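Let me begin by presenting the structure, written as structure tokens, before commenting on it.
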Amino acid sequence: MKRSKEFVFTRRIDAFFQDVLNIHRFITRFFKELFRRPFEFKETIHQCYVVGVKSLLLISLTGFVIGIVFTKQSRPPLVSFGAASWLPSLIGIAFVRAIGPLVTALIAAGKVGSNIGAELGSMKVTEQIDAMDMSAVNPFKYLVVTRVVATTVMLPILMLYCTFVGMMGSYFNVHANELTSLTTYFQSAFSSVSFLDVWSAVIRSFFYGFTIAIVGSYRGFNATNGTQGVGKAANRAVVFSMFLIFAEELVAVQITNWIHGL
Amino acid sequence: MKSTIKRRGIIVGLFLFIGLIILMTGILTIGNLHNSFVKKFEISATFDEVSGLQAGNNIWFSGVKVGTVSSLNFCKKSQVKVGMKIDQAARTYIRKDAKAKIASDGLIGNKIIVIYEGSESALPVQNGDTLAIGKTLSTDDMMKTLQENNKNLVAITGDFKEISKKILAGEGTLGKLLTDETLYDNVNLTVATLKSAALNAEKLTASLSIYTAKMNQEGSLTNNLVTDTTLFNSIKATVAQLKDIAKAASGITANLKLATGDLNNTNTPVGVLLHDQPAATDIKSTIKNLESSTQKLNEDLEALQHNFLLRGYFKKKK
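Going down the list, the sequences are from chains A and B. So the first sequence is numbered by our numbering: it starts at 112 and just counts up by one. So the second sequence is numbered by our numbering: it starts at 10 and just counts up by one.
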């Protein structure tokens with residue numbers, strides 16, 4: 112097969128590597144703009160409200176349901192081993208180490224990531240970003256930096272809410288079956304959780320938040336082909352950020368286990 | 010517009026505040042559970058083998074968690090020096106002669122270090138002290154014992170196999186019992202005999218029951234014997250009399266014995282009469298002589314009756 116001289120490899124592979132370079136440039140620009148005046152505090156607070164407060168209900172509900180479902184699913188095997196009393200510990204470890212950060216990140220990727228991708232994408236295709244540029248407003252700083260900072264800051268907080276609400280959901284189920292008190296449940300749940308687990312979850316959530324917002328902003332900021340491109344940008348933002356979240360989770364687990372000495 | 014922005018700022022602040030409270034509560038709970046904020050001191054113990062003990066594993070003293078394993082380092086040849094961070098509050102209760110051993114937190118639980126023993130007379134442990142180690146029963150030891158038991162079990166089952174084979178072949182008492190028809194018949198017969206014996210016993214018991222019922226009937230001898238006190242007294246008196254009679258009979262017997270002794274004695278007249286042969290012959294001849302004398306006397310007397318001197322007298326008498 113004769114390779115076209117237009118591409119180094121193929122069109123798709125070339126586009127992928129071009130994307131890698133562009134994302135690198137995008138991230139570098141973000142850090143440059145982050146520490147450069149003026150700081151868009153008001154817009155950042157507004158984005159915090161949109162990303163954090165507006166996502167709280169959805170994430171809390173999801174966490175609560177997952178807490179109940181996970182407890183219900185985990186009980187039979189533990190009961191068959193005569194280890195039903197280990198249920199709170201299992202839930203504690205599962206929520207703090209994995210479920211809390213992952214569920215929050217995936218819900219945020221679906222809600223916040225797609226929102227950022229679609230919003231910035233539509234602004235791009237309707238040339239609002241160019242207009243901002245023309246009116247001496249740094250669109251990257253106003254649109255991207257604020258969203259990325261807000262998402263990065265809000266996601267660990269959302270993760271804490273999700274973990275707490277999820278464990279409360281689990282508690283209701285445990286209490287209904289074993290009549291365990293709230294104090295005993297939380298003592299048992301946290302007895303197997305270490306500081307490292309908590310800090311690991313918080314730090315991971317920072318990375319997940321950053322990833323979701325950066326991917327969403329990048330896709331939206333580089334949207335093309337009109338309204339079709341907006342949808343594509345939103346879709347790509349969700350899919351790619353979800354993939355990156357799992358990849359980051361894999362690396363984070365390796366690092367945490369290494370620190371744990373496992 | 011401005012008020013909306015302000016309101017959102019407050020809501021975001023509240024949102025952040027509650028999130029941070031959750032984080033701090035979680036950290037404090039974990040800290041309290043893991044005694045992270047408690048003052049600690051460090052002691053150590055050197056083990057030959059630590060069975061997978063890790064830094065962070067719990068240390069128990071009298072069943073209470075008093076600290077965690079802080080470090081594991083190789084020392085000497087192949088020994089492991091285990092550093093232990095113990096709560097300061099437990100220091101006064103752990104003595105210098107206390108021992109440390111590796112145990113397990115449940116059957117499938119984590120490894121833990123158990124501090125035990127320690128005498129009252131010994132001083133409390135100090136920072137940097139090294140505890141003596143106690144012998145622990147590791148899983149390997151348990152498996153070894155289990156393996157030994159398995160071997161025994163195999164030997165036992167082998168024996169049983171041999172026994173059952175012999176039984177099936179009809180060897181030995183048990184085998185014969187199970188396979189020999191004659192033995193079976195005998196046993197059957199014995200059982201039948203036992204059955205009939207049991208029937209007889211039942212009948213006997215029934216008869217006995219009737220008999221005892223009669224015995225218990227008022228007015229019967231046995232009943233009177235048991236219940237009538239006057240009868241008992243009469244019997245008692247009778248027995249006493251019988252005793253006297255027996256005593257008298259005993260005296261008579263003694264006299265008779267004496268008499269028979271005399272009879273056997275040849276010095277006594279009766280003894281001579283009974284036992285002396287020549288005397289008997291003499292007596293015999295005497296009796297014979299007496300007989301002839303009597304005959305002659307009769308004849309003489311007959312003659313006298315016819316004598317004239319006495320004839321008158323005899324006539325009168327007639």
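Heads up, the beta-carbon is just placed ideally off N, CA and C, and yes, glycines get one too. Bear in mind that the values here come from a model prediction, so they are computed numbers and not experimental data.
If you check the beta carbons only, do residue i and residue j fall under 8 Å apart?
| i | j | result |
| --- | --- | --- |
| B:E114 | B:Q88 | Glu is not the amino acid found at residue 114 of chain B; the sequence shown has Asp there. Not closer than 8 Å, so no. |
| A:E312 | A:V207 | Glu is not the amino acid found at residue 312 of chain A; the sequence shown has Ala there. Against a cut-off of 8 Å, the Cβ pair of A:V207 and A:A312 comes out as a contact. |
| A:I210 | A:Y329 | no |
| A:A344 | A:R258 | no |
| B:I95 | B:V75 | yes |
| A:S352 | A:G224 | yes |
| A:E359 | A:F318 | yes |
| A:A219 | A:L269 | yes |
| A:T291 | A:P188 | no |
| B:I68 | B:I122 | yes |
| A:F332 | A:L231 | yes |
| B:T101 | B:P133 | yes |
| B:T34 | B:T139 | no |
| B:G127 | B:I103 | yes |
| A:S299 | A:G178 | no |
| A:M320 | A:L361 | Before going on, a small fix: residue 320 of chain A reads as Gly here, not Met. Contact flag unset, no. |
| B:I176 | B:L192 | no |
| B:Q63 | B:V78 | yes |
| B:T231 | B:M224 | yes |
| A:N284 | A:T182 | yes |
| B:I14 | A:K153 | yes |
| B:V279 | B:A288 | no |
| B:N131 | B:K108 | It is Ala, not Asn, that sits at residue 131 of chain B in the sequence shown. No, these two residues do not count as a Cβ contact at 8 Å. |
| B:N119 | B:N82 | no |
| A:A205 | A:V341 | no |
| A:V256 | A:L145 | yes |
| B:N136 | B:F70 | no |
| B:L272 | B:L283 | yes |
| A:T322 | A:I366 | no |
If you run the structure through DSSP and keep just helix, strand and coil, what is residue i?
| i | result |
| --- | --- |
| B:K245 | helix |
| A:R147 | coil |
| A:V119 | coil |
| B:K160 | helix |
| B:S113 | strand |
| B:G76 | strand |
| B:N119 | coil |
| A:S292 | coil |
| B:T139 | strand |
| A:V255 | helix |
| B:Q329 | Because residue 329 of chain B is not part of the residues shown, which for chain B are 10 to 327, the question remains open. |
| B:A64 | coil |
| A:V161 | helix |
| B:F56 | strand |
| B:G40 | helix |
| B:N316 | coil |
| B:L81 | strand |
| B:I95 | strand |
| B:K90 | strand |
| B:I124 | strand |
| A:F181 | helix |
| B:K108 | strand |
| B:E129 | coil |
| A:F175 | helix |
Less than 7 Å between the CB of residue i and some heavy atom of the ligand FMN, yes or no?
| i | result |
| --- | --- |
| A:T139 | The ligand FMN is absent from the structure shown, which contains no ligands of any kind. |
Which residues, in chain order, does the segment 28-39 of chain B contribute to contact with chain A at a C-beta distance below 7 Å? Here the close residues are G28, I31, L32, G35, I36, T38 and I39.
Contact the segment 153-163 of chain A vs the segment 18-38 of chain B: 3+ CB pairs below 8 Å: yes
Near-chain B residues of the segment 261-272 of chain A (beta-carbon distance less than 7 Å), N- to C-terminal order: I268, L271 and Y272
With contact counted as at least three CB pairs below 8 Å, one residue from each stretch, are the segment 23-42 of chain B and the segment 300-308 of chain A in contact? yes
Mind pulling the beta strand (DSSP E) runs of 3 or more residues that sit fully within the segment 190-246 of chain A? none
In the segment 249-294 of chain B, which residue ranges form an unbroken alpha helix (DSSP H) of at least 4 residues, counting only runs that do not cross its ends? 278-284
Starting from the N-terminal side, write out each stretch of the alpha helix (DSSP H) that is 4 residues or longer and does not extend beyond the segment 268-355 of chain A. 293-302 and 306-332
Specify whether the segment 187-194 of chain A and the segment 248-257 of chain A touch according to this definition: at least 3 beta carbon pairs, one from each stretch, less than 8 Å apart. no
Counting pairs of beta carbons, one from the segment 263-276 of chain A and one from the segment 169-184 of chain A, are three or more of them closer than 8 Å? yes
Three Cβ pairs or more, each shorter than 8 Å: is that satisfied between the segment 119-132 of chain A and the segment 216-233 of chain A? The answer is no - the segment 216-233 of chain A does not touch the segment 119-132 of chain A, with fewer than three Cβ pairs under 8 Å.
Using a beta-carbon distance cut-off of less than 8 Å, what residues from the segment 297-324 of chain A approach chain B? F297, Q298, F301, S302, V304, S305, F306, V309 and V313
Decide yes or no for the touch test of the segment 139-157 of chain A against the segment 238-246 of chain A: beta carbon pairs closer than 8 Å, at least 3 of them. No, the segment 139-157 of chain A does not touch the segment 238-246 of chain A.
Report the residues of the segment 151-179 of chain A with a CB closer than 8 Å to any CB of chain B, ordered along the chain. K153, I156, H157, C159, Y160, G163, V164 and L167
Closer than 7 Å between beta carbons: that is the criterion. Which residues of the segment 13-28 of chain B meet it against chain A? I14, R17, G18, I20, V21, F24, L25 and G28
Anything in the segment 270-291 of chain A with a Cβ closer than 7 Å to a Cβ of chain B? List those residues in chain order, please. L271, Y272 and F275
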